[in-house]
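S.K.: Can you keep this structure in mind? I'll have questions shortly.
In my numbering, the protein residues as written are 81 to 306.
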């Protein structure tokens, strides 16, 4: 079987990089949690966690922490145990996990849009993106209970990676992000985005699938803006 890029294609020269444990884990976790074919396994793992520990049914924060940390290893073992002929090559590749070496690009084309990493030398930027995600979040600053909501995230692309699942290559954008609850305000018909605010929230989980990105263009509010 030939290597296959899942979606899109690079339009710049690539360089091989070695991912840290943290970046590798973060990127792999995001791929697993955002691949439609894996969704039945996500539901199954969630149900098993709740059944195995009754505390998790009462504590959503603890439940999602365990779910996030344990799913990749659980999924790998599950695919090995099932060992069915009808399991797709995609599921088998994803269960094995990605190689530590990935290819980094400056530019990529997907969904008929060109994307570039942020480059202070260029006057024209194609690095602005937004994404809408269903996210587990805190209900409000006063209510610490978790809730599920669709949140819009605005960002700029700092790296474009082709994650190597052996015969399957998956493109990811690594970005600097902010969301409508922190760093975004609406004024006089404009959406004002402060990409310097709240960055610590996304220090560990800054990847999205390239296919999820919607292109936006930013203009500077003043000369000191970036």
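We put the beta carbon where it would ideally sit given N, CA and C, even for glycine. Small disclaimer: the values here were computed from a predicted structure and weren't measured.
Nearest to residue 296 by CA position, among 236, 238, 209, 252, is which residue?
M.R.: Numbered from 1 along the chain shown, position 216 holds the residue referred to as residue 296. Selected option, being the one with the closest Cα: 209.
S.K.: Mapping the DSSP letters down to three states, classify residue 179 as helix, strand or coil.
M.R.: Numbered from 1 along the chain shown, position 99 holds the residue referred to as residue 179. Of the three classes helix, strand and coil, the one that applies to residue 179 here is coil, per DSSP.
S.K.: Within a Cβ cutoff of 8 Å, which residues of the same chain sit near residue 152, ignoring the five residues on either side of it in sequence?
M.R.: Translated into positions along the chain shown, residue 152 becomes position 72. So the qualifying residues of the chain are 105, 108, 109, 112, 177.
S.K.: Between the C-alpha atoms of residue 286 and residue 190, what's the straight-line distance to the nearest angstrom?
M.R.: Taking the first residue of the chain shown as 1, we reach residue 286 at position 206. Taking the first residue of the chain shown as 1, we reach residue 190 at position 110. Straight-line Cα distance between these residues: approximately 19 Å.
S.K.: Does residue 192 pass the burial test, meaning 16 or more other C-beta atoms within 10 Å, or should it be called exposed?
M.R.: Residue mapping note: residue 192 aligns to position 112 of the chain shown, counting from 1. Exposed: under 16 other Cβ atoms inside 10 Å.
S.K.: Taking the alpha carbon of residue 101 as the reference point, which residue from 290, 179, 245, 258 has its own alpha carbon closest?
M.R.: Taking the chain shown and counting its residues from 1, the one referred to as residue 101 is at position 21. Answer by Cα proximity: 179.
S.K.: Restricting to runs no shorter than 4 residues, where is the alpha helix (DSSP H) found entirely within the region 85-120?
M.R.: You should have 101-113.
S.K.: Go to residue 147, then tell me how far its alpha helix (DSSP H) extends in each direction, as first and last residue.
M.R.: Position 67 of the chain shown, counted from the start, is the residue given in the question as residue 147. Residue 147 -> alpha helix (DSSP H) spans 140-162.
S.K.: Would you kindly work out how many angstroms separate the C-alpha atoms of residue 268 and residue 145, rounded to a whole number?
M.R.: Counting from 1 along the chain shown, the entry for residue 268 is found at position 188. Counting from 1 along the chain shown, the entry for residue 145 is found at position 65. Any reading at residue 268 is ruled out, since the residue's pLDDT is 41, under 50, leaving its predicted position unreliable.
S.K.: Quick check on the DSSP output: the beta strand (DSSP E) that includes residue 246 runs from which residue to which?
M.R.: Residue numbering aside, residue 246 sits at position 166 when the chain shown is read from its first letter. Unbroken run through residue 246: none, as it is neither H nor E.
S.K.: The beta strand (DSSP E) with residue 292 in it runs from where to where?
M.R.: Position 212 of the chain shown holds residue 292. Note, residue 292: premise wrong, no beta strand (DSSP E); not H, not E.
S.K.: Pull up the CB-CB distance for residue 86 and residue 248, whole angstroms please, since I reckon it's below 8 Å.
M.R.: Reading the chain shown from its first residue, position 6 is the one you call residue 86. Reading the chain shown from its first residue, position 168 is the one you call residue 248. Yes, they are in contact, since the Cβ atoms of residue 86 and residue 248 sit about 6 Å apart, within 8 Å.
S.K.: Going by the DSSP bridge assignment, what does residue 212 pair with across the sheet?
M.R.: In the chain shown, residue 212 corresponds to position 132, counting from 1. Its beta-bridge partners are 232.
S.K.: Sorted by chain position, which residues of the same chain lie with C-beta nearer than 7 Å to residue 40's C-beta, five sequence neighbours on each side aside?
M.R.: The question about residue 40 has no answer, for the chain in this structure spans 81 to 306.
S.K.: Going by Cα to Cα distance, which pick from 235, 288, 258 is closest to residue 252?
M.R.: Residue numbering aside, residue 252 sits at position 172 when the chain shown is read from its first letter. Nearest of 235, 288, 258 to residue 252, Cα basis: 288.
S.K.: Could you please give the first and the last residue of the uninterrupted beta strand (DSSP E) stretch that includes residue 355?
M.R.: With the chain running from 81 to 306 in the structure shown, residue 355 is simply not present.
S.K.: Quick one: residues in its chain with C-beta nearer than 8 Å to the C-beta of residue 130, no 5 flanking neighbours on either side, listed in chain order?
M.R.: Within the chain shown, residue 130 is the residue found at index 50, counting from 1. Once the five neighbours on either side are set aside, the close Cβ partners of residue 130 are 136, 137, 143.
S.K.: Does the Cβ-Cβ distance between residue 198 and residue 236 come in under 8 Å?
M.R.: Locating residue 198 in the chain shown gives position 118, where the first residue counts as 1. Locating residue 236 in the chain shown gives position 156, where the first residue counts as 1. Yes, Cβ-Cβ distance for residue 198 and residue 236 is below 8 Å.
S.K.: Between the alpha carbons of residue 254 and residue 133, how many angstroms are there, rounded?
M.R.: Against the chain shown, residue 254 aligns to sequence position 174. Against the chain shown, residue 133 aligns to sequence position 53. Answer to the nearest angstrom: the Cα atoms are 35 Å apart.
S.K.: Checking the sheet assignment: what are the DSSP bridge partners for residue 189?
M.R.: Here residue 189 refers to the residue found at position 109 of the chain shown. In the DSSP output, where bridge partners are listed per residue, residue 189 has 89, 194.
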